[in-house]
Each structure stands twice: as C-alpha cells, then as structure tokens.
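Let me begin by presenting the structure, written as structure tokens, before commenting on it.
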C-alpha cells in the first residue's frame, strides 16, 4: 500500500471543528463504471442551489442501497444529507454510488473514479472492506479528500478515517436485554454477528453488550451466531431463527446491516435490540432499543473541514486535528434509540440506562475496566454500585485485574480478539 500511515492513538481524538475543500482534479485516472447491483451512480434529488454557500460536491460510496429504510447504509445516508442541509449545501451536490460490494477492490475503485470524475471534492467510503481502494485513490487523487468509515488507514494530508465508541451504546442496549432476560426468567440471549474475533469492531460490540446484560442479570449468557458477512438478509434471518430455535433465547441483538433479526424476534413473540438505526418501525412489538450512530455529527465536521480548506485538500488532516476521528457518547456520536415505552420493563430499565449513560459521559467509568456495575432502585432512583472485579475472557484468562483501568485502547487499535466470560459462539 502506498505511503499509508497506520492510525495513531495520539491522533485518535481529533475532533476539531476546524476544517478543507475541493479544487480541480488533476491527474485523474479514466473514470470506471459505477458498481454494485445495477452499477448506478446518482445525484441526490431536489435543491436549486439557492441555499448553497459553497460549490463543494460530496461523493458517497455505499455498500447497500441509498433507499434502505433502516440499518447501516440508511443511517450513513441520513447522516450525510442531514449534515449537508445543516451547512446549507445543495442536495444535488451529493453524488452517490450504492450497492458497491466491499469484497471487490476493483468495484470500489471504479465507484470512486465515478464520483471523482463527476466532481466530488470529498469522498466518503462507509464499509471496512473499501480500505485498500480508498488508500490507493487518496494517492492517485491528491486534490480530493478521502474519508474512510470504520477503517484504520490514513495519511497526513488528504486521507483520514472515522469511527466511534459504539461499544458504549452496546453496553446500554445490553442492559435492556439483561432486564428482559431477568424479567422473563430466561438467561439465554442471542446475537447475530457479521463477524466475531476477526475484527475488534465486532467482538468489542459483543463483549460490551454481554457485560451490560450481565450487570443486571449475572447469569445471562450471550449466544453468538456468526454469518461472515456485514449484510445478507437471508443469512441474518436464518441466524436469528436458529438462536430462537436452538437456544430458546428470549431476546436477541445484532451486528449486521438489516432489520431482519428484529423482524424475526417479532415473529417469534420475543424481544430484540437493533443496531445502526431505530428499528421500532420494522418490529414495533419486539424492538426494545438499538445502539445507534449519529453519523451527521462527523459528517458535518468533515464537510465543513472540506469547505474551509479553500481548494487545498492537503490541509484536511491538519485542520481536522489529526487523521483519525474517534468519538462516543460524550460527543453525541453514538447513543441508544428511545426505549420501547410499551415494554413491561421500561421504567426501571430507562432509569438504569440513563444513570449509566451519565457515568460514561462523565469519564468516571468505562466498559472494559476492572470495575463491574450493579444497581439498586429505590422509588425510581438508581444507585450504581461499583465493585472491583477482574475482566475475564471466555477461556478463564484475566484481561484486566480487579480495579484495573479500561483496555478500550484495544478497540481503537483493533487488537481486541477475545470474548468475555458468558459469551458462547454457536
């Protein structure tokens, strides 16, 4: 890979609202066709430019359709369009190539060529598998800004990466699942996972969710069904059904792109915790809450940065305060969707989730530390009880000693490669 710098922890909190922008695209390779199921690219409909205060154009490469009604691409697309609206940009200046598989570097490269040759000043690629093509094209197009979601590669000029502490929201969603487990007297909780130990992103989410569930039900066990793809509705559905059929789970969660696991939970008369976006509409009787992203928080920062560079893409990383954007609950980048008010466990669960959210935001405690939480509720008020206890993996190894500091840096570095005690991969 060409002149690529690995993510540096010292830069991981580069959250500056300062900024960089487009210019002429010199030295562009010949445009390739858009890729995906129909190979199409499109500009977002609407807008006459009257509210625009910049000529910047935004390119976006999506793994599924921009017309999705829930899930991963849906939430990213919503984040980009919301950010552009907040900045007064013309919706027609969003250039999208969707349905681009992240297992095909050539398809990704062609999609990038398409948006650049249509005038994109900044290109967002939202899937981890886009990483190599994004890195190569950042060098091929030095006058264009490249921003890669969920990755770790970057340079010190026109190429950064962005992700967040979604594990914090996963812990909160786990509390809801644990409360349902405790309420229903069923310790079996399911989890449909794209991957597990292959990526710190996935195993940290599983671990945080399990720890949240165990904070209210210490006997809870999280059964993980891995589908080995970020998104496949058929596999997501089959995996969810197996969790109910084989393990008799009372509630399931997910790290996959669609709402299929939540819809299956509803069909089985059980409960679920979604991911990426609020999935209540897709499963109104089953969905308790979801760990969600507010991608607009990042996209507004990055697009403003691109606008303020005044044509010099090489200033982007400097003006962003670093080549890696990494934020969490404190910054409003991640959270949980509203808890289902019609659920019997609503009141106590909401009180606990709110109290733990405040604790995390304050910086007093983190999920992957040697301090476990439990709770007592009196007259609707929550007392959080902190107990020094080692963080153990599923093989009986001590990861963090009792009272020890958080190892959340292993999520940032991508080195978390274990499951915590109480997680079983089926």
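In this note's numbering, the protein residues as written are -15 to 410.
Using N, Cα and C, we set each Cβ at its ideal position, and we do this for glycine too.
The model shown is predicted, which means the values in this text are computed figures rather than measured ones.
Requested in this report: Verify whether the separation of the beta carbon atoms of residue 374 and residue 382 is less than 8 Å.
Outcome: yes
Query raised in the report: Would the beta-carbon of residue 138 fall within 8 Å of that of residue 307?
Result: yes
Query raised in the report: How long is the line joining the alpha carbons of residue 12 and residue 101, rounded to whole angstroms?
Result: At residue 12, the pLDDT of 31 sits below 50, so the modelled position is not reliable and the matter cannot be decided from this model.
Query raised in the report: Near residue 39, what residues of its chain come up, given a Cβ to Cβ distance below 6 Å and the 5 sequence neighbours on each side ignored?
Result: none
Report task. Take residue 212 as the anchor and find which of 133, 152, 278 and 182 has the nearest alpha-carbon. Result -> 182
Report task. Please state whether DSSP places residue 290 in a helix, a strand or coil. Result -> helix
Query raised in the report: Where does residue 73 sit, in a helix, a strand or coil, going by DSSP?
Result: coil
Query - Range of the contiguous alpha helix (DSSP H) that encloses residue 303 - result: 300 to 304
Query - Supposed contact pair residue 321 and residue 273 - C-beta distance, whole angstroms, cut 8 Å - result: 5 Å
Query raised in the report: What does a CB cutoff of less than 6 Å around residue 66 pick up in its chain, not counting 5 residues either side in sequence?
Result: 280
Report task. Go ahead and pull the three-state DSSP assignment for residue 370. Result -> strand
Query - residue 126 and residue 144 closer than 8 Å at C-beta - result: no
Query raised in the report: So, is residue 202 buried or exposed, given that buried needs 16 or more other C-beta atoms within 10 angstroms?
Result: exposed
Report task. Would you check if the distance between the CB atom of residue 247 and the CB atom of residue 222 is smaller than 8 Å? Result -> no
Query raised in the report: Curious, which full-length beta strand (DSSP E) runs of at least 3 residues does the segment 122 to 158 contain?
Result: 129 to 133 and 143 to 148
Query - Reference residue 350, options 124, 191, 226 and 57, closest by Cα - result: 191
Query raised in the report: Is it true that the CB of residue 106 sits closer than 8 Å to the CB of residue 60?
Result: no
Query raised in the report: Does DSSP put residue 225 in a helix, a strand or coil?
Result: helix
Query raised in the report: Where do the ends of the beta strand (DSSP E) carrying residue 355 lie?
Result: 355 to 362
Query raised in the report: How is residue 187 classed by DSSP in three states: helix, strand or coil?
Result: helix
Query raised in the report: What is the C-beta distance between residue 340 and residue 159, in whole angstroms, given that I count them as a contact (C-beta under 8 Å)?
Result: 7 Å
Query raised in the report: Do you know offhand how far residue 230's Cα is from residue 147's?
Result: 34 Å
Requested in this report: Rounded to whole angstroms, what's the CA-CA distance from residue 70 to residue 228? Just pull it up for me.
Outcome: 43 Å
Query - Beta-carbon proximity list for residue 188, same chain, < 6 Å, skipping 5 on both sides - result: 151, 395 and 400
Requested in this report: Locate the alpha helix (DSSP H) running through residue 101, then write down its first and last residues.
Outcome: 89 to 101
Requested in this report: May I ask which residues mark the beginning and end of the beta strand (DSSP E) holding residue 177?
Outcome: 172 to 177
Query - Counted within 10 angstroms of its Cβ, other Cβ atoms place residue 85 as buried (16 or more) or exposed - result: buried
Query raised in the report: Terminal residues of the continuous alpha helix (DSSP H) containing residue 453?
Result: Because the chain in this structure spans residues -15 to 410, residue 453 falls outside the shown range and cannot be described.
Query - Segment limits, beta strand (DSSP E) that includes residue 397 - result: Looking at the DSSP string, residue 397 is not in any beta strand (DSSP E); the run it does join, the alpha helix (DSSP H), is 393 to 397.
Query raised in the report: Do you know how far the Cα of residue 217 is from the Cα of residue -12?
Result: With a pLDDT of 35 at residue -12, under the threshold of 50, the predicted position of this residue should be treated as unreliable, and no value is reported.
**Report entry** 7 Å CB neighbourhood of residue 113 in its chain, flanking five on each side removed
**Finding:** 86 and 87
Query - Sheet register partners of residue 271 (DSSP bridge) - result: 256
Query raised in the report: From residue 370 to residue 355, what distance separates their C-alpha atoms?
Result: 6 Å
Query raised in the report: What separation, rounded to the nearest whole angstrom, lies between the Cα atoms of residue 200 and residue 359?
Result: 7 Å
Requested in this report: Look at the Cβ atom of residue 275, then the Cβ atom of residue 184, and state whether they are nearer than 8 Å.
Outcome: no
Requested in this report: Starting from the Cα of residue 133, find the closest Cα among 124, 117 and 123 and give me that residue.
Outcome: 117
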